[in-house]
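Going line by line, the protein sequences match chains Z and E.
The opening residue of the first sequence carries number 112 in our numbering; numbering runs sequentially from there.
The opening residue of the second sequence carries number 819 in our numbering; numbering runs sequentially from there.
C-beta: ideal position from N, C-alpha, C; glycine also.
A quick write-up on the structure given underneath.
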Amino acid sequence: MTEPLLRLSGVTKVYAKDGAEVAALAGVDLDIDRGEYVALTGPSGSGKSTLMHLLGCLDRPTAGSYRLAGAEVATLSPDELAAQRRKIGFVFQSFHLLPGATAQANAALPLRYAGVPPHERQDRAAAMLARVGLGERLRHLPRELSGGQQQRVAIARALIAAPELLLADEPTGNLDSRSGTEILALLEELWREGRTLVVVTHDDRLAARARRVIRMLDGRIVADERR
Amino acid sequence: MISLANAWAEVTEPCREAWAVRRRLLPVVLGICFGTLGLSVLLAFGDGFAAAMDQALQRAGDAMLRWSGGVTSRAHGGQPAGRALPLLPADLERVAAAREVVAASPDAQINGRVIADVDERSANPLISAVGADWAFIRGVDLETGGRFFSRTDEQERRRVAVIGATLARQLYGTADVVGRTLRVFDAPFQIVGVLSPRAQMMQYGGDDALKVLVPFATAQAIRGLRTCGYVLTRLRDPANSSVAVTALRALLAARNGFAPDDLAAVRVVDHAAQAGQIRGIVLGTRWFLAILGVLGLLVAALSVANMMFVLVEERVPEIGLRLALGATPAQIRRRQLLETVAVVLLGGGIGLLLAALLLAALGQLPLPADARNYLGTPALAPATAALIASLLGLAAAFAGRYPAARAAAVMPVEALRHD
Ligand SMILES: Nc1ncnc2c1ncn2[C@@H]1O[C@H](COP(=O)(O)OP(=O)(O)O)[C@@H](O)[C@H]1O
Ligand SMILES: [Mg+2]
C-alpha cells in the first residue's frame, strides 16, 4: 500500500504562554489521502489553526513526525521546504493580501516564486481571478474590495500554482453566510477537479458537506467520521 | 529573454517596495551620504596636504646634507684643541668624490648691496656663492624662461646671477627679469633665472626667495673667497643618511687631522633625515584622518544596520506571507541585502558627488598663496575614491548581512499571528 499524502504521528505543539506551557496539539495521529475532502471542526482554541499551519509547512511541530508526500518534513532543507509550500495552496482566515498590490499582483505572487515569467504571471492571474468571479476587479487594491471579494483574491492566489493540496482555515469565517456558501462551493469545485481539500469551519451545516469530518478538542482528535 | 525579464522584476519590485518606505530610508541615505562626504573631504585634505608637504620637502633638499666648519673640541694627532676648521675647496673636492655623494656645492653667504637697472632700485639681500649643481642638490626649480648657471658659466667666471622670486618682484615689479642687469659686488651681473616661488621647508640663511645666487668661481675671482661657507652634498641613498654622515665625517677628519668622533670639528645638518621625520608625521596625520573618517563611516553603517533591522521587523508579516507562498529564504535574504546595498550605494554615490563639488568649489576660493602652498589643493585622487568606494561596499555588506539573515529566518507562521 502506498503512503497517504499526509501522515502525522504523535505530533505535539507546545507554546510558552505567560510562563506556563500550553499544548495547542497534544499528540495528533492523522492520515489524509489524495483526493479527500476533510472538514476540521471543534471549538475555538482546540488547535485547528495550529494543525493547519503544521500541515502547510508554515510551522514546526514540537515533537512527532509529519510526512508529506512520503518525505519527513523536519529533514527538508530550506529550499526543499519552499518547494513543498509551492505545492500547497493556503487560504487564511484573514486573507493576508499585500495592501499595496492590486488583486492581480496579489494573485500572481506565488508564480513569481515558482519562476514563471512576469507576462505569463499576469495572464494566469487574470484568468484565475475571472474564474473566482473577479474578472472586472484586476486593478483594485484590497481595501477597494469587499471581504468576500478579498477572500476570492486569496483563493485565486492559493490556486494559481495548481497545488495538489488546498488548506483553508475558516475561509468563510469573516463572511456573511451567502458569500460563505459561494466560497465553499468554489473550493468544492476545485476539489472535484482532483485536489485534496482540508477546510476548517465552525459551521456544522458547512461541515456536513464534506466526505470526512474530524472533530478536535483541547489539541486532540476526538472524532473522525467518514461518509 | 525569460530569465532577463525575471531578473528585471527582481530589481524593479524591490525598488518599488523601497520607494514605498522612502521616508524611513531617507535618513539612512543621508547618514551614509554625509559619512561619505566627511570621509572624502578628510582624505582629500590628507592627500592634498601630503602632496604639498612632499613638494615643499623636495625643495628643501630632501636628499641633502649641509656641512659647515667648526672648532675642534680636543687635541688629536699632535694638534691642540680649539683649532678652527673652515671648510675649504679641497674639502669640497674630497666630499664630492665620495661614493655616498652624487653632487656637491659650496654655499658661501655674503651680505651685500645689489642695484637693479630699473629706477636704481636697490636691496641688501644675502648673496650666495654656489656651484652649478646647487639647484639640483637643493631640489628647487626655476620659473619658465630662465635657467640656473652652468659649469661653463663657472669655468669662465661669468657674471651671471639667479635671484629669488620675491626679490625679483621687489626689484623689478611685474616686468621680465631674465636678461636684465643687476649690480652685485659693484659689478654688472646678468640675471639668467628666477627661483620659482613655491613653498620650501628647512631654510638656511633665510628664504631662498630673497637670495641672489652667483657662481662660486666668479665670487672667488671678484672677492677673493677662500672658504666654501657651507658644503652641500646630495646623497645617493637619502634613506641611509646617517651612514653617509659617518663616512663623510671620517673623510674630513682624515684630511684635517681631527678625531672622527669630534662632533664639534665639523657640523652637519641632515636635511634627508629631517625630511624623513616630517614625512613620517604627515603619514601619521593621514592615517589619523583616515581612521577618523572610517570611524564616521562605521557609525553611519551601524545606523543603516539598525534602521534595516527595524524595517525587517516591520515587514515580518509580509516576509512570512511570501515564505508561505513559496519564496525561498535565499530569495528573501538576497532581496533584503539588495535593498541595503542600494541604500548605501545611493547615499555613498551622492556623498562622493557632493565631495567632488565641494572640493572643486574650495579650489576656486581665493586662499593666500602660502596656505595653498602648505595645505595643497585638496582633491579626490582616483585611488582615494576607489578606497572610499570599497569601504562603502564593505559597509553595505556589513550593514546588510544581519538584517537580511533575520529576514531569511522568519517562520511563515509569524505572518499569521493575528489570526
Ligand atoms: N503563537 C502562539 N503563542 C501562544 N499560544 C498560542 C499561539 N498560537 C496558538 N496558541 C494557543 O494554542 C491553542 C490553540 O490555538 P489555535 O490552533 O489557534 O486554535 P483554533 O484555531 O482551534 O481556535 C490556543 O490555546 C491558543 O491560545
Ligand atoms: Mg483558528
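| Check | Outcome |
| --- | --- |
| Would you say the beta carbon of Z/Val133 is closer than 6 Å to some non-hydrogen atom of ligand 1? | yes |
| Using only the heavy atoms of ligand 1, determine whether one of them is closer than 6 Å to the beta carbon of Z/Tyr177. | no |
| State the DSSP-derived secondary structure class of Z/Arg320, mapped to helix, strand or coil. | coil |
| Just list the residues that DSSP pairs Z/Lys124 with in beta bridges. | Z/Leu136 |
| Taking C-beta pairs closer than 8 Å, name the residues in chain E that Z/Arg250 reaches, listed in chain order. | Simply none; closest approach about 16 Å. |
| Looking at the C-beta of Z/Leu277, does it have a partner C-beta in chain E at a distance below 7 Å? | no |
| What in chain E is Cβ-close to Z/Asp190, meaning under 9 Å? | Thr1146, Pro1147, Ala1148 |
| Z/Ile332 to Z/Val139, Cα distance in whole Å? | 7 Å |
| Residues of chain C with CB closer than 9 Å to the CB of Z/Phe206, please, in chain order. | Among the protein chains of the structure shown, namely Z and E, there is no chain C. |
| Assuming the contact rule is C-beta atoms closer than 8 Å, Z/Val310 and Z/Pro282 should be a hit. Round their C-beta distance to whole Å, please. | 7 Å |
| Run through DSSP, which three-state label would Z/Phe201 get? | strand |
| Between the Cα of E/Gly1114 and the Cα atoms of E/Arg841, E/Gly849, E/Pro845, which residue gives the shortest distance? | E/Gly849 |
| Nearest-angstrom Cα distance between E/Glu831 and Z/Ala236? | 17 Å |
| Tell me whether Z/Ser205 counts as near ligand 1, meaning its Cβ is closer than 6 Å to at least one heavy atom of that ligand. | no |
| How is Z/Met339 classed by DSSP in three states: helix, strand or coil? | With chain Z represented from 112 up to 338, any question about residue 339 of chain Z goes unanswered, as that position is not in the structure. |
| For E/Asp925, count neighbouring C-beta atoms within 10 Å of its own C-beta (all shown protein chains included) and say buried if the count is 16 or more, exposed if not. | buried |
| Taking only runs that begin and end inside the region 923 to 966 of chain E, name each unbroken beta strand (DSSP E) of 3 or more residues, in chain order. | 932 to 934, 944 to 948 |
| For E/Met819, which residues of its own chain have a beta-carbon under 8 Å away from its beta-carbon, when the five flanking residues on both sides are left out? | Low confidence applies here, because E/Met819 scores a pLDDT of 46, under 50, leaving its location unreliable; read the following figure in that light. Hits under 8 Å: none found. |
| Between which two residues does the alpha helix (DSSP H) holding E/Arg1097 run? | 1089 to 1142 |
| Are the C-beta atoms of Z/Arg235 and some chain E residue less than 7 Å apart? | no |
| At a CB-CB cut-off below 7 Å, which residues of chain Z make contact with E/Pro1230? | Leu169 |
| Tell me the start and end of each unbroken alpha helix (DSSP H) in the region 992 to 1056 of chain E that is at least 4 residues and wholly inside, in chain order. | 1034 to 1041 |
| Can you tell me the Cα-Cα spacing of E/Pro1056 and E/His1089, whole angstroms? | 9 Å |
| I need the straight-line Cα distance from Z/Ala279 to Z/Tyr148, nearest angstrom please. | 11 Å |
| So does the region 291 to 308 of chain Z actually touch the region 216 to 235 of chain Z, counting three or more Cβ pairs closer than 8 Å? | no |
| With 7 Å as the threshold, decide whether the Cβ of E/Ala838 is near any Cβ in chain Z. | yes |
| Check whether the Cβ of Z/His313 lies closer than 7 Å to any Cβ atom in chain E. | no |
| Taking Cβ-Cβ distances shorter than 8 Å, what residues in chain E pair up with Z/Tyr224? | Arg1140, Leu1143, Gly1144, Ala1145, Thr1146, Gln1149 |
| Using 7 Å as the limit for Cβ to Cβ distance, is Z/Gly211 near chain E? | yes |
| Excluding the 5 residues flanking E/Leu1110 on each side, which residues of the same chain have their C-beta closer than 8 Å to its C-beta? | Leu860 |
| Using a Cβ cut-off of 9 Å, pull out every chain Z residue sitting near E/Ala1233, in sequence order please. | Leu169, Phe203, His207 |
| Looking at the structure shown, is Z/Ile271 part of a helix, part of a strand, or coil, going by DSSP? | coil |
| Which residue from E/Arg969, E/Gly1024, E/Arg840 puts its Cα closest to that of E/Ala878? | E/Gly1024 |
| Given a cut-off of 7 Å, decide if Z/Ala272 and Z/Arg197 are closer than it, judged by their beta-carbon atoms. | yes |
| Buried or exposed: where does E/Ile1099 fall if 16 or more other Cβ atoms within 10 Å of its Cβ makes it buried? | exposed |
| Are three or more beta carbon pairs between the region 1013 to 1028 of chain E and the region 877 to 893 of chain E nearer than 8 Å? | yes |
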